[in-house]
Amino acid sequence: MDKTDRAILAHLMENGRLANTELADLVGLSPSPCLRRVRQLENSGVITGYHAAANPTAIGRGFHVLLTVEMAVQDKVTIEAFEAAVTELDEVVHCLRLFGQPDYLLWVAVPDLETYERFYMAELTGLPGVARTNSQFTMKTIKSTPGMPIPSP
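In terms of UniProt numbering, the sequence shown opens at residue 1 and continues consecutively.
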């Protein structure tokens, strides 16, 4: 990626609804070469999609819980079963497998504490291989950056 590709990517990450002509003006290209570069970034997997950001509270996901999970068993079958089960849970909006302890970090978004407690008891406690969990509730969001900052070359 060159400087122009990085500029295109930065502008689209800031506003994915930019018209190609606007984007071309912002990065100093004519519309046709700009569109070719955008398509190349999409085809090469640099741009993986476009989305609208929503207010979590407005869509019933305003209560956020950071959940750590330690596994009792770490064989391939159990890990795959746990990960497959987590992908089916709409309340889990982000899941990371970590090196060391804890084994997993889950970001859960639900409407309120009562809903989380029901979800925890009905779903999370029954996930394959789970030994221990620790729930931490969000007090306040200080920073939330959509996408990733583009490093300079």
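Note that CB positions come from ideal geometry on N, CA and C, so glycine has one too.
Cβ-based neighbour list, residue i, same chain, cut-off 6 Å, excluding 5 preceding and 5 following
i   : result
L26 : H11
Of the listed residues the options, nearest to residue i (C-alpha basis)
i    : options                   : result
V38  : M13, A85 and P151         : M13
V108 : L124, E114, H64 and F119  : H64
N15  : T145, S152, P153 and P151 : T145
P56  : E83, I8 and E91           : E91
L35  : G49, D2 and N20           : N20
G126 : Q101, A72 and G100        : A72
First through last residue of the beta strand (DSSP E) which encompasses residue i
i    : result
H64  : F63 to M71
A109 : Y104 to V110
Supposed close pair residue i, residue j - CB separation, criterion 8 Å
i    : j    : result
P128 : A81  : 4 Å
L89  : T133 : Contact doesn't hold; Cβ gap of about 13 Å is too wide.
Buried/exposed call for residue i, threshold 16 Cβ in 10 Å
i    : result
L113 : exposed
V77  : exposed
L98  : exposed
M139 : exposed
D75  : exposed
Boundaries of the alpha helix (DSSP H) in which residue i is found, first to last residue
i   : result
V38 : P31 to N43
Sequence-distant residues of the same chain with beta carbon closer than 7 Å to residue i, five excluded per side
i   : result
P31 : N20, T21 and A24
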